[in-house]
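Asker: The opening position of the sequence shown corresponds to residue 434 in this note's numbering, with each subsequent residue numbered one higher.
Beta carbons are placed, not taken as given, at the ideal position from N, Cα and C, and that holds for glycine.
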Amino acid sequence: MAFPVTVGLRLRVLQMNLCNSGFAGCYTGRAVAAAAAVIRAEAPDVVTLNEVCQNDIASLQAALAAGAHVDTAASVFQPALDRRSGAAFRCDNGQPYGIGLVTRRPPGSAPLVSTSGIYPVQDVRDPEERAWVCVDAAGVEACTTHLANTDAAVAEAQCRFLFGTVIPGARAAGGPVVLGGDLNLQVGGSPDLRSCLPGGDGRADDGGVQNVVVSPEFGIASHSAIGMGGTTDHPGLLVTVA
434 MAFPVTVGLR
444 LRVLQMNLCN
454 SGFAGCYTGR
464 AVAAAAAVIR
474 AEAPDVVTLN
484 EVCQNDIASL
494 QAALAAGAHV
504 DTAASVFQPA
514 LDRRSGAAFR
524 CDNGQPYGIG
534 LVTRRPPGSA
544 PLVSTSGIYP
554 VQDVRDPEER
564 AWVCVDAAGV
574 EACTTHLANT
584 DAAVAEAQCR
594 FLFGTVIPGA
604 RAAGGPVVLG
614 GDLNLQVGGS
624 PDLRSCLPGG
634 DGRADDGGVQ
644 NVVVSPEFGI
654 ASHSAIGMGG
664 TTDHPGLLVT
674 VA
């Protein structure tokens, strides 16, 4: 269960899509090093990660632990599922591929408790089956996901499941929720991202499809896009919630 949320609590959430599978056209092989530099410089409380290989998470956890004002760090990784094999989807280097989350932790904290799953609606033409994961992190339940990019209607259905089933479950278990992810839906798009978001939630985006969404206990204090120097096809999205 997440720690109780205190009045005045501020969290800095960094959402990143690193395109590090090795087989996508946006792959450069330099995104993890660039992300680690951003994490060390910004010292966020929570980092939500999409399109990463399992081994990338340890590097980024070490970067957060090395940042200013961070006592220690912990992480969780959730692979996407490969419909062809029924096992974890794989990066080009053979490592499991998917999403993850790195968070600041006070010394002596209990191990992270996570919940995760594969969406019941998937694009059957895409062998990658999309996933979500939530953990108790830095005083809240923190979640990440990477919704379908091959079919906007499938992404919308996944979004509805996320905010209609997953997030209410996380709130029941741990209270307020902060989610960072590449939702592959935009405000003003068709379908419109707002069609699957609950009323009262706060939201900030990178001008594209990456979003940080917070439950009504929080508001968005500030947000900014952070350039990644061409190492991936998305900027970092740094959001302060309060």
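(1) Quick one: grab the DSSP three-state call for leucine 442.
(2) Leaving out the 5 sequence neighbours to the left and right, which residues in its chain are closer than 8 Å to phenylalanine 522 when beta-carbon positions are compared?
(3) Near serine 628, what residues of its chain come up, given a Cβ to Cβ distance below 7 Å and the 5 sequence neighbours on each side ignored?
(4) Output the boundary residues of the alpha helix (DSSP H) element that contains cysteine 576.
(5) Which residues mark the beginning and the end of the alpha helix (DSSP H) in which leucine 497 is found?
(6) Which of helix, strand or coil does DSSP assign to valine 599?
(7) Quick one: Cα of proline 677 to Cα of alanine 571, how far?
(8) Nearest chain B C-beta to glycine 622 closer than 8 Å, yes or no?
(9) For alanine 457 and valine 554, what's the separation of their Cα atoms in angstroms?
(10) Apply the 10 Å Cβ neighbour rule to glycine 635 and answer buried if 16 or more other Cβ atoms are within range, or exposed otherwise.
(11) Can at least three beta-carbon pairs, one atom from the region 666-675 and one from the region 645-652, be found at a separation below 8 Å?
(12) Specify, as a first and last residue, the run of the alpha helix (DSSP H) that cysteine 592 falls within.
(13) Out of curiosity, what's the CA-to-CA distance linking serine 542 and aspartate 569?
(14) Whose C-beta lies closer than 6 Å to the C-beta of isoleucine 490 among residues of the same chain, with five residues either side of it excluded?
(15) Relative to the C-alpha of leucine 493, which residue among Val620, Ser657, Leu447 and Tyr552 is closest?
(16) May I ask which residues mark the beginning and end of the beta strand (DSSP E) holding arginine 636?
(17) Would you decide whether serine 655 is buried or exposed? Buried here means 16 or more other CB atoms lie within 10 Å of its CB.
(18) By the three-class DSSP mapping on this structure, what secondary structure does alanine 506 have?
(19) Assess, as a yes-or-no matter, whether the region 458-472 is touched by the region 580-589 under the definition of 3 or more beta carbon pairs within less than 8 Å.
(20) Could you spell out where the alpha helix (DSSP H) holding valine 465 opens and where it closes?
(21) Helix, strand or coil for leucine 618 per DSSP?
(22) What number of angstroms, rounded off, separates the C-alpha of serine 549 from the C-alpha of leucine 595?
Answerer: Taking the definition as stated:
(1) The residue given as residue 442 occupies position 9 in the sequence shown. In the displayed model, leucine 442 falls within coil according to three-state DSSP, outside both helix and strand.
(2) Your numbering for residue 522 matches position 89 in the sequence shown. Hits under 8 Å: Pro512, Ala513, Leu514, Asp515, Pro529, Tyr530, Gly531, Pro560, Glu561 and Glu562.
(3) If you number the sequence shown from 1, residue 628 lands on position 195. Excluding positions up to five away in sequence, the list reads Glu589.
(4) By one-based count along the sequence shown, residue 576 stands at place 143. Secondary structure note for cysteine 576: it is in no alpha helix (DSSP H), and the uninterrupted beta strand (DSSP E) holding it is 573-579.
(5) Looking up residue 497 in the sequence shown gives position 64. First-last of the alpha helix (DSSP H) with leucine 497: 487-499.
(6) Sequence index remark: in the sequence shown, residue 599 carries index 166 (1-based). In this structure, valine 599 counts as helix in the three-state DSSP scheme.
(7) Outside the displayed span of the chain (434 to 675) sits residue 677, for which this structure offers no information.
(8) This model lacks chain B altogether, as it is built from one protein chain only.
(9) Along the sequence shown, read from residue 1 onward, the residue named residue 457 stands at position 24. Along the sequence shown, read from residue 1 onward, the residue named residue 554 stands at position 121. Roughly 23 Å between the two C-alpha positions.
(10) Position 202 of the sequence shown, counted from the first residue, corresponds to residue 635. Answer is buried; the Cβ neighbour count reaches 16.
(11) Because the criterion of three Cβ pairs below 8 Å is met, the region 666-675 and the region 645-652 touch.
(12) As a first step, residue 592 is located in the sequence shown; it is residue number 159 there, counting from the start. First-last of the alpha helix (DSSP H) with cysteine 592: 585-594.
(13) Residue mapping note: residue 542 aligns to position 109 of the sequence shown, counting from 1. Residue mapping note: residue 569 aligns to position 136 of the sequence shown, counting from 1. Taking C-alpha positions only, serine 542 is separated from aspartate 569 by approximately 11 Å.
(14) For the purposes of this step, residue 490 is taken as residue 57 along the sequence shown, with counting starting at 1. For isoleucine 490, where only same-chain residues beyond five positions count, the Cβ hits under 6 Å are Ser508, Phe510 and Gly533.
(15) Within the sequence shown, residue 493 is the residue found at index 60, counting from 1. Closest option to leucine 493, judged by alpha-carbon separation, among Val620, Ser657, Leu447 and Tyr552: Leu447.
(16) Working through the sequence shown from its first residue, we reach residue 636 at position 203. 635-638 is the span of the beta strand (DSSP E), which, as asked, contains arginine 636.
(17) In the sequence shown, residue 655 corresponds to position 222, counting from 1. Classification for serine 655: exposed.
(18) Working through the sequence shown from its first residue, we reach residue 506 at position 73. For alanine 506, the secondary structure class from DSSP, reduced to helix, strand or coil, is strand.
(19) Pairwise C-beta distances place the region 580-589 out of contact with the region 458-472, as fewer than three of them are shorter than 8 Å.
(20) The residue given as residue 465 occupies position 32 in the sequence shown. Under the DSSP assignment, valine 465 falls in the alpha helix (DSSP H) whose first and last residues are 464-475.
(21) The sequence position of residue 618 within the sequence shown is 185, counting from 1. It is coil, neither helix nor strand.
(22) Your numbering for residue 549 matches position 116 in the sequence shown. Your numbering for residue 595 matches position 162 in the sequence shown. In a straight line, the C-alpha of serine 549 is about 11 Å away from that of leucine 595.
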